[in-house]
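Asks:
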Amino acid sequence: MKKQGFLYGSAVLMVSALIVKIMGAVFRIPLANMLGGTGMGYFSAAYGIFMPVYAVSVTGLPSAAAKAVAAAEASGRHSAGEIKSAALRLFGAVGAAGTLIIIIGAYPLCRFVSGDIKALPAVMAIAPSVLAGCLVSVYRGYFEGMRNMYPTAVSQVIEGFAKTILGLVLCGGCIWFAKSYPEDFLRLTGCTGRGVTAEEAAVPYAAAAAVMGVTLSSFAGLIYIMIKGRGKADVRRRREIDRELLRTAVPMAAGALVINLTSLIDLVTIMRSLKTVIAKTPWVFSHLLGSGISYNDMPNFIYGSFTGLAVTLFNLIPSLTNMLGKSMLPAASAAKAAGDDKRLGECSAGVIFAAAVISVPAGPGISVLAEEILTLLFSGRTVEIAVCADAMRVLGLAVPFVCISSAAFSVLQAADRADIPVKLMGIGAAVKLAGNLILTSVPGLNVTGAAIATLICYIVICVMSLWALASHGGLRLRRTMGICAKIFAAGALCAAGAFITAKQLPAGSHIMIKTAVSCLTGAIIYILSTYFSGVITKSTLKMLIS
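Each residue of the sequence shown is one higher than the one before, counting from 663 in our numbering.
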């Protein structure tokens, strides 16, 4: 099987991730417009409950399998097929257990964690995704360890298309049925005589229908990659391979759990803080009454607006740059297995450089153009935009720190120090929790306080992860900081150019033209700044290509 270099493999994964994110936007934007802030609250609550279990069961698997396969290929101790077969058996059981945990715990989790039992249908609908995710992740890790990124890329694209089509069709069908046959819908859902209209009663079920589309899409990706990776291997050393996989996967899963605790922290603290703040200072939120939102529904509406609009855009760039770490991990694992410290240091520098070059202009760009981007994408949701625009501005500033931290974690995992990301994310989660508890209780901040806590959290994590990478991943910290300083300076000029352009354009300019021209201006400034400051050189390109 032909192995792909870092830059080529990253390009394959990033193109697929870009396609998936475009499809995700095609899914999320109409979904937010269909469900509104309240429905997106149920949708996001289901994800908030689901992600910690998914993280423990699934998130560490591709990296663990990729690392084991790459190390096996370098050392010759096991075959890649042996590792794949052992991993499928082991983590298939883990996935089944994770699915059962969500199904059994759905009611108490909705009742006591999210504080809204109406999220129950969505949580139940997403539970089978854990099993599918475990199995597909083993196959992806197998191919990534062989440095063949195509199967991962294609399976992700299949999932993206299936999610968009099935999610929107199922959600739209639920809403259509409620509007067309209101009495039948109320009777089927047991809402007759509860004083609600069919359209109001349909919101949690429409959110669950959208989630069901996500679940079905995960099985669509699984079917493809199972066909691609079919074949049997004689596993003669199952216990030894199981121990190797668990030794890698457990700390990675623990790190993924801690990472996803930040979204769970938002779910628990934002909803509860908003209920308290609204009860104490209702006049601060009285403007939402004019939009038909009652005080009882405001916490879920505000949380749904924040997660459904602002957090969705915030996650866009990190999901793309995560592909850099996935592509670099096999090369870094092979370097570690071979004892090649110089090559490991090059891997560290390359992935940090690539993550910074991409994320630094994008994050601040989202920040300064937050209202324009939100209006362009969610034009029918002016109230939701007003609720989350300030939070979006803060989250944009956090994007580079998230991307650089994630890149550093990938190399640390490859360097057999998967315990370090767990510890650093634990510290970050503590900072996030403290920040949320303090800042979301401020009436004038509420969800913007959660965004500020996220920014502080990831600044702390980023600084510590780079320091750890210098100690354990061969990163030349002083040289890297010098390059990153130039990148951040170029990013600041980019953001300033985009902001000034947006303000100088005529007030009546179409929002699409205004946003596009501002982004183009910022991009030109950034490209020129990085070129003349010497950020992009032949040596950096050579480092990435190799």
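Glycine included, every Cβ here is placed at the ideal spot set by N, Cα and C.
What residue from Ile932, Ala789 and Gly743 has the CA that sits closest to Ser880's CA?
Replies: Locating residue 880 in the sequence shown gives position 218, where the first residue counts as 1. The shortest C-alpha separation from Ser880 is found at Ala789.
Asks: To the nearest angstrom, how far is it from the Cα of Ala895 to the Cα of Pro992?
Replies: Walking along the sequence shown from the start, residue 895 turns up at place 233. Walking along the sequence shown from the start, residue 992 turns up at place 330. Caution is warranted here: a pLDDT of 49 is assigned to Ala895, below 50, making its placement in the model unreliable, and the coordinate value is therefore given only provisionally. Roughly 21 Å separates the two Cα atoms.
Asks: For the ligand GDP, is there any heavy atom lying closer than 8 Å to the beta carbon of Glu806?
Replies: What this structure holds is no ligand at all, so the ligand GDP is not there to describe.
Asks: When DSSP labels each residue in this structure, what does His1134 get in the three-state scheme?
Replies: Along the sequence shown, read from residue 1 onward, the residue named residue 1134 stands at position 472. In the structure shown, His1134 sits in a helix (DSSP, three-state: H, G or I).
Asks: Going by the beta-carbon positions, is the gap between Lys1148 and Thr1192 smaller than 9 Å?
Replies: Within the sequence shown, numbered from 1, the residue matching residue 1148 stands at position 486. Within the sequence shown, numbered from 1, the residue matching residue 1192 stands at position 530. It is a contact, given that the beta carbons lie within the stated cut-off.
Asks: Can you check whether the CB of Ile1089 is closer than 9 Å to the CB of His1134?
Replies: Against the sequence shown, residue 1134 aligns to sequence position 472. Against the sequence shown, residue 1089 aligns to sequence position 427. No, these two residues do not count as a Cβ contact at 9 Å.
Asks: Taking C-beta to C-beta, are Ala1069 and Lys998 nearer than 9 Å?
Replies: Counting from one through the sequence shown, the residue named residue 1069 turns up at place 407. Counting from one through the sequence shown, the residue named residue 998 turns up at place 336. No, the Cβ-Cβ distance between Ala1069 and Lys998 is not below 9 Å.
Asks: Report the rounded CA-to-CA distance for Leu1182 versus Ala1160, giving the unit in angstroms.
Replies: Translated into the one-based positions of the sequence shown, residue 1182 becomes position 520. Translated into the one-based positions of the sequence shown, residue 1160 becomes position 498. The straight-line gap from Cα to Cα measures roughly 8 Å.
Asks: How is the alpha helix (DSSP H) around Ile1014 delimited, first residue to last?
Replies: Indexing the sequence shown from 1 puts residue 1014 at position 352. Taken as a continuous stretch (DSSP letters only), the alpha helix (DSSP H) holding Ile1014 covers Asp1003 to Val1030.
Asks: Please state whether DSSP places Ile711 in a helix, a strand or coil.
Replies: Translated into positions along the sequence shown, residue 711 becomes position 49. Reduced to three states, the DSSP call for Ile711 is helix.
Asks: Would Tyr769 be called buried (16 or more neighbouring beta carbons within 10 Å of its own) or exposed?
Replies: On the sequence shown, residue 769 is found 107 positions in, with the first residue counted as 1. Exposed.
Asks: Should the stretch 948-964 be regarded as contacting the stretch 696-709, the criterion being three or more beta carbon pairs within less than 8 Å?
Replies: The stretch 948-964, when compared against the stretch 696-709, does touch it at the 8 Å Cβ threshold.
Asks: On a CA-only basis, which of Ala868, Val1104 and Ala941 is nearest Ala694? Give me that one, please.
Replies: On the sequence shown, residue 694 is found 32 positions in, with the first residue counted as 1. Ala694 has its Cα closest to that of Ala868, out of Ala868, Val1104 and Ala941.
Asks: Considering Cα atoms alone, identify which of Thr859, Lys683 and Met933 is closest to Phe823.
Replies: Here the question's residue 823 lines up with position 161 in the sequence shown. Measuring from the Cα of Phe823, the nearest candidate turns out to be Lys683.
Asks: Which first and last residues belong to the alpha helix (DSSP H) in which Asp846 is found?
Replies: By 1-based counting over the sequence shown, the position of residue 846 is 184. Counting along the chain, the alpha helix (DSSP H) containing Asp846 begins and ends at Pro844 to Leu850.
Asks: Compute the distance between the beta-carbons of Phe705 and Ser791, then report whether it is under 9 Å.
Replies: Along the sequence shown, read from residue 1 onward, the residue named residue 705 stands at position 43. Along the sequence shown, read from residue 1 onward, the residue named residue 791 stands at position 129. No, the pair does not count as a contact, with Cβ atoms beyond the cut-off.
Asks: Just mark Lys841 as buried or exposed, buried being the case when its beta carbon has 16 or more other beta carbons within 10 Å.
Replies: Residue mapping note: residue 841 aligns to position 179 of the sequence shown, counting from 1. So Lys841 counts as exposed.
Asks: If you compare alpha carbons, which of Gly767, Leu675, Thr877 and Ala687 is closest to Leu1036?
Replies: Along the sequence shown, one-based indexing puts residue 1036 at 374. That would be Ala687, whose Cα lies nearest to the Cα of Leu1036.
Asks: To the nearest angstrom, how far is the alpha carbon of Ala1152 from that of Cys1146?
Replies: By one-based count along the sequence shown, residue 1152 stands at place 490. By one-based count along the sequence shown, residue 1146 stands at place 484. If I take the Cα positions, the gap works out to 10 Å.
Asks: Could you check whether Val876 and Gly829 sit closer than 9 Å to each other, using their CB atoms as the reference points?
Replies: Position 167 of the sequence shown, counted from the first residue, corresponds to residue 829. Position 214 of the sequence shown, counted from the first residue, corresponds to residue 876. Contact flag set, yes.
Asks: For Ile940, which residues in the same chain have their Cβ closer than 7 Å to its Cβ, ignoring the five residues on either side in sequence?
Replies: Counting from one through the sequence shown, the residue named residue 940 turns up at place 278. Excluding residues within five positions, the ones whose Cβ falls inside 7 Å are Phe947, Tyr957, Met960 and Pro961.
Asks: Tell me the rounded alpha-carbon separation between Ala1185 and Arg909.
Replies: Counting from one through the sequence shown, the residue named residue 1185 turns up at place 523. Counting from one through the sequence shown, the residue named residue 909 turns up at place 247. Cα to Cα, the separation comes out at about 43 Å.
Asks: So what does DSSP say about Ala810, is it helix, strand or coil?
Replies: Walking along the sequence shown from the start, residue 810 turns up at place 148. What sits at residue 810 in the sequence shown is Asn, not Ala. Here Asn810 sits in coil by DSSP.
Asks: According to DSSP, simplified to helix, strand and coil, what is Asp959?
Replies: Locating residue 959 in the sequence shown gives position 297, where the first residue counts as 1. Asp959: coil per DSSP, three-state reduction.
Asks: Taking DSSP as the reference, what is the three-state secondary structure of Gly686?
Replies: Here residue 686 refers to the residue found at position 24 when the sequence shown is read from its first residue. Gly686: helix per DSSP, three-state reduction.
Asks: If you draw a straight line from the alpha carbon of Ala679 to that of Pro1168, how long is it in whole angstroms?
Replies: By one-based count along the sequence shown, residue 679 stands at place 17. By one-based count along the sequence shown, residue 1168 stands at place 506. Distance between the alpha carbons of Ala679 and Pro1168: 35 Å.
Asks: Name the two residues that bound the continuous alpha helix (DSSP H) containing Arg1055.
Replies: By one-based count along the sequence shown, residue 1055 stands at place 393. Thr1044 to Ala1076 is the extent of the alpha helix (DSSP H) around Arg1055.
Asks: Where does Leu1107 fall in DSSP's three states?
Replies: Counted from its first residue, the sequence shown places residue 1107 at position 445. If DSSP states are grouped into helix, strand and coil, Leu1107 belongs with coil.
Asks: Does DSSP put Val858 in a helix, a strand or coil?
Replies: Taking the first residue of the sequence shown as 1, we reach residue 858 at position 196. DSSP places Val858 in coil when its eight states are reduced to three.
Asks: When the distance is taken between beta carbons, is Gly1111 closer than 9 Å to Gly1097?
Replies: Indexing the sequence shown from 1 puts residue 1097 at position 435. Indexing the sequence shown from 1 puts residue 1111 at position 449. Taking 9 Å as the Cβ cut-off, Gly1097 and Gly1111 qualify as a contacting pair.
Asks: Going by beta carbon distance, what residues of the same chain come within less than 6 Å of Arg690, once the five residues before and after it are set aside?
Replies: Locating residue 690 in the sequence shown gives position 28, where the first residue counts as 1. Only Thr974 meet the Cβ criterion.
Asks: Run through DSSP, which three-state label would Asn977 get?
Replies: As a working note, residue 977 is residue 315 in the sequence shown. Note: Asn977 maps to coil in three-state DSSP.
Asks: Report buried or exposed for Phe660, applying the criterion of at least 16 other Cβ atoms within 10 angstroms of its Cβ.
Replies: Nothing about residue 660 can be read from this structure; the chain reaches only from 663 to 1208.
Asks: With DSSP as the reference, label Ile1198 as helix, strand or coil.
Replies: In the sequence shown, residue 1198 corresponds to position 536, counting from 1. Coil, per DSSP.
Asks: Spatial neighbours of Ala1154 within its chain, please: C-beta separation below 8 Å, excluding the five flanking residues on both sides.
Replies: Here residue 1154 refers to the residue found at position 492 when the sequence shown is read from its first residue. So the list reads Pro1026, once near-sequence residues are dropped.
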